[in-house]
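So the protein lines, in turn, are chains G and P.
Okay, so the first sequence: first residue is 3 according to the numbering used here, each after it adds one.
Okay, so the second sequence: first residue is 121 according to the numbering used here, each after it adds one.
Positions of the beta carbon are idealized from the N, C-alpha and C atoms, including for glycine.
Below is one structure, written out as structure tokens; comments come after it.
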Amino acid sequence: MNESAVPSTTPRPAWLLPIWSLAQREIVRFLRQRSRLIGAIGQPLIFWILFGAGLHGTFQLQGTSANDVSFQEYFLPGVAIMIVLFTSIFASISVIQDRHEGFLQGVLVSPVPRSSIVLGKVLGGTLLALVQSALFLVLAPVLQLVGLAPAIQLNLTLAGTSGALLFLTLVAIGLNSLGYLFAWKIDSVQGYHGIMSVVLLPMWLMSGAFFPGDQSPWLRVVMRLNPLTYGVAGLRQCVSSNPNVVGDLPSIPLCLAVLFLFSFICLAADVWLTRRDQGV
Amino acid sequence: MSAAIVVTSVSHRYGERLALNDVSFDVAQGEIFGLLGPNGGGKSTLLKILSTLLPLQTGSIQLAGFDLASQADAIRHTLAVTFQHPSLDIKLTVGENLRHQGHLYGLSGQILTTRIQKVMSQLNIADRERDYAETLSGGLKRRVEIAKCLLHNPAILLLDEPSTGLDPAARNDLWNVLSEVRQEENVTVLVTTHLMEEADRCDRLGILDHGQLIALGAPSEIRSTVGGNSITIDPLDILQLSSEFEQQNIAFRQVGGEIRIEDVQSTTELTRLIDTYSQQFRSITLGKPSLEDAFIKLTGRRISEDTTDA
Chain G
3 MNESAVPSTT
13 PRPAWLLPIW
23 SLAQREIVRF
33 LRQRSRLIGA
43 IGQPLIFWIL
53 FGAGLHGTFQ
63 LQGTSANDVS
73 FQEYFLPGVA
83 IMIVLFTSIF
93 ASISVIQDRH
103 EGFLQGVLVS
113 PVPRSSIVLG
123 KVLGGTLLAL
133 VQSALFLVLA
143 PVLQLVGLAP
153 AIQLNLTLAG
163 TSGALLFLTL
173 VAIGLNSLGY
183 LFAWKIDSVQ
193 GYHGIMSVVL
203 LPMWLMSGAF
213 FPGDQSPWLR
223 VVMRLNPLTY
233 GVAGLRQCVS
243 SNPNVVGDLP
253 SIPLCLAVLF
263 LFSFICLAAD
273 VWLTRRDQGV
Chain P
121 MSAAIVVTSV
131 SHRYGERLAL
141 NDVSFDVAQG
151 EIFGLLGPNG
161 GGKSTLLKIL
171 STLLPLQTGS
181 IQLAGFDLAS
191 QADAIRHTLA
201 VTFQHPSLDI
211 KLTVGENLRH
221 QGHLYGLSGQ
231 ILTTRIQKVM
241 SQLNIADRER
251 DYAETLSGGL
261 KRRVEIAKCL
271 LHNPAILLLD
281 EPSTGLDPAA
291 RNDLWNVLSE
301 VRQEENVTVL
311 VTTHLMEEAD
321 RCDRLGILDH
331 GQLIALGAPS
341 EIRSTVGGNS
351 ITIDPLDILQ
361 LSSEFEQQNI
371 AFRQVGGEIR
381 IEDVQSTTEL
391 TRLIDTYSQQ
401 FRSITLGKPS
411 LEDAFIKLTG
421 RRISEDTTDA
């Protein structure tokens, strides 16, 4: 067989077109399944209101006085990250469903580069996560008007807003790539729920999203090792203009560096895995 | 005529289990080739290897002139595959499914629109373009899937048990479609099946059992290996009847709960059996050799018990 004849007889596989096509499919599917919308944004919103009301007056950040920071104000970026997490989980579960329904096999026998398959999935999940979490950050402060949220000091500058979008995007890429990694290896949705409970949710809990955790020495260490901590910290510094909230969080450049690295490693692992296991 | 598929000495192991054992055959261009065999015989493994989903362990395979081991990407451009489960996205419409499929093969814009119109009219599904895939019947889903496959003008079409879940009418329809497509596009078709009446519609067949190719040829050639007609008896008491046959030196074979006498030369043999053993059977039939008979002769077993559903 003449190796050099191959490129001239077969078209170059498209790279960008399949990425966009697969991502678009994720979005269309999402919009056609209303229950996913409710699950991904409704639950975090309810958590935010209920925890805010429940812990009202009992929450106090270290080094601040009682009414400097309400729990809801502290929890706001945490809930945005929670929405990103839930959306990423739902999006990556679709890898398992695609495998069961045979759609994935159809994609794997096509000449699409394996990296396009990964990037298509991750891009779809990322766009969904970004839109929903941004929507939450816009809507949540409006709840002040109806008494479901206390006063919140938001950083409404251009730098703050674009920084927040950048952090949400990076966290979404990282979590979607991480979710893909699990979903590729697990062959049932039930199994994936197990991973969600013991890995993904604790990862979120130990990111400073829900509590500062800096009073426990071991928790402090775990949190410093958790890449999601840098997502929450970066986002918090971008959305809040309350000096008491920001405290001694990791610097923004450090947060960006960790998230870039984390997303890159997860994406690379996804591509490697998808190339190695040819299919089935 | 040049061969579109050349399989040479292919073996495949899952750990200790040998799923394919030194399988070799060729498929000519434009041929409909069937792989017949019981479930677990190795058909699906071979199909997965051919469709680049499983790595080739030993042996070599050429598809449309490309070497599978070194040119998988080139092969993916010329190949189309349908699996047992339809690979349609049920939340999307027929048109959307086709559009996404086209994108995977680098087709877009006006070229893609033209191709979609063409395959939809070819498979008679143009009026379903806006229907959600989940609302379609099994037979229509198969049609859409074949339409998906033809979008990129493949040279080779692989179908894994395409009639799974189809009623006999839809199955017949599927085969008519396959014949038309083969004629219009000169595409080579390889199909796996465990149904005899499907196997009979192929140009040539390979029979796979326990990972080995035990027969290869046109259905008529394979049937002719059985010899003459055969008599099948459904006995009331198989032990009693078989021991009587042994005493009478009648050559027979026990298959499942039935007794078969092969290569029957004249009808007098049948009438003699009816007269002599009239109290001992529920039914007695004389049949021309079928592929099932050939399989029984080769293996001593029926291909599967659920082939009577047609």
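Closest Cα partner of residue i within the set the options
i                     : options                       : result
residue 380 (chain P) : P:409, P:398 and P:296        : P:409
residue 317 (chain P) : P:141, P:145, P:135 and P:156 : P:156
residue 219 (chain P) : P:201, P:285 and P:250        : P:250
residue 207 (chain P) : G:109, G:51 and G:261         : G:109
residue 29 (chain G)  : P:216, P:187 and P:185        : P:216
residue 86 (chain G)  : G:111, G:174, G:141 and G:138 : G:174
residue 159 (chain G) : G:250, G:199, G:239 and G:59  : G:239
residue 292 (chain P) : P:332, P:276, P:278 and P:263 : P:263
residue 276 (chain P) : P:150, P:282, P:299 and P:358 : P:150
residue 20 (chain G)  : P:358, P:280 and P:224        : P:224
residue 175 (chain P) : P:247, P:209 and P:140        : P:140
residue 279 (chain P) : P:180, P:240 and P:319        : P:319
residue 178 (chain P) : P:153, P:127, P:390 and P:201 : P:127
residue 267 (chain P) : P:284, P:281 and P:232        : P:232
residue 278 (chain G) : G:193, G:50 and G:115         : G:115
residue 260 (chain P) : P:304, P:229, P:214 and P:190 : P:214
residue 271 (chain G) : G:155, G:184 and G:32         : G:184
CB contact below 8 Å: residue i versus chain P
i                     : result
residue 113 (chain G) : yes
residue 75 (chain G)  : no
residue 65 (chain G)  : no
residue 16 (chain G)  : yes
residue 121 (chain G) : no
residue 103 (chain G) : yes
residue 10 (chain G)  : Reliability of the predicted coordinates at residue 10 (chain G) is poor, the pLDDT of 37 falling under 50, and the value obtained from them is presented with this limitation in mind. Not one chain P Cβ lies under 8 Å of residue 10 (chain G).
residue 23 (chain G)  : yes
residue 108 (chain G) : yes
residue 1 (chain G)   : Nothing can be reported for residue 1 (chain G), as the shown portion of chain G is limited to 3 through 282.
residue 34 (chain G)  : yes
residue 38 (chain G)  : no
Rounded Cβ spacing between residue i and residue j (contact assumed at less than 8 Å)
i                     : j                     : result
residue 338 (chain P) : residue 324 (chain P) : 5 Å
residue 269 (chain G) : residue 179 (chain G) : 5 Å
residue 313 (chain P) : residue 265 (chain P) : The Cβ separation is near 16 Å, so there is no contact.
Below-8 Å beta-carbon distance, residue i vs any chain G residue
i                     : result
residue 201 (chain P) : yes
residue 196 (chain P) : yes
residue 131 (chain P) : no
residue 173 (chain P) : yes
residue 123 (chain P) : no
residue 337 (chain P) : no
residue 176 (chain P) : no
residue 211 (chain P) : yes
residue 413 (chain P) : no
residue 274 (chain P) : no
residue 308 (chain P) : no
residue 257 (chain P) : no
Proximity below 8 Å, CB of residue i to CB of residue j
i                     : j                     : result
residue 355 (chain P) : residue 307 (chain P) : no
residue 176 (chain G) : residue 94 (chain G)  : no
residue 202 (chain G) : residue 79 (chain G)  : no
residue 142 (chain G) : residue 151 (chain G) : yes
residue 91 (chain G)  : residue 181 (chain G) : yes
residue 286 (chain P) : residue 253 (chain P) : no
residue 46 (chain G)  : residue 88 (chain G)  : yes
residue 129 (chain G) : residue 166 (chain G) : no
residue 171 (chain G) : residue 132 (chain G) : yes
residue 378 (chain P) : residue 351 (chain P) : no
residue 161 (chain P) : residue 310 (chain P) : no
residue 270 (chain P) : residue 301 (chain P) : yes
residue 113 (chain G) : residue 343 (chain P) : no
residue 132 (chain P) : residue 172 (chain P) : no
residue 406 (chain P) : residue 375 (chain P) : no
residue 146 (chain P) : residue 169 (chain P) : no
residue 127 (chain G) : residue 23 (chain G)  : no
residue 249 (chain G) : residue 63 (chain G)  : yes
residue 119 (chain G) : residue 191 (chain G) : no
residue 198 (chain G) : residue 224 (chain G) : no
DSSP bridge partner residues for residue i (one or two, in chain order)
i                     : result
residue 156 (chain P) : P:313 and P:327
residue 337 (chain P) : P:325
residue 150 (chain P) : DSSP lists no partner for residue 150 (chain P).
residue 186 (chain P) : P:183
residue 276 (chain P) : P:199 and P:308
residue 354 (chain P) : P:403
residue 374 (chain P) : P:379
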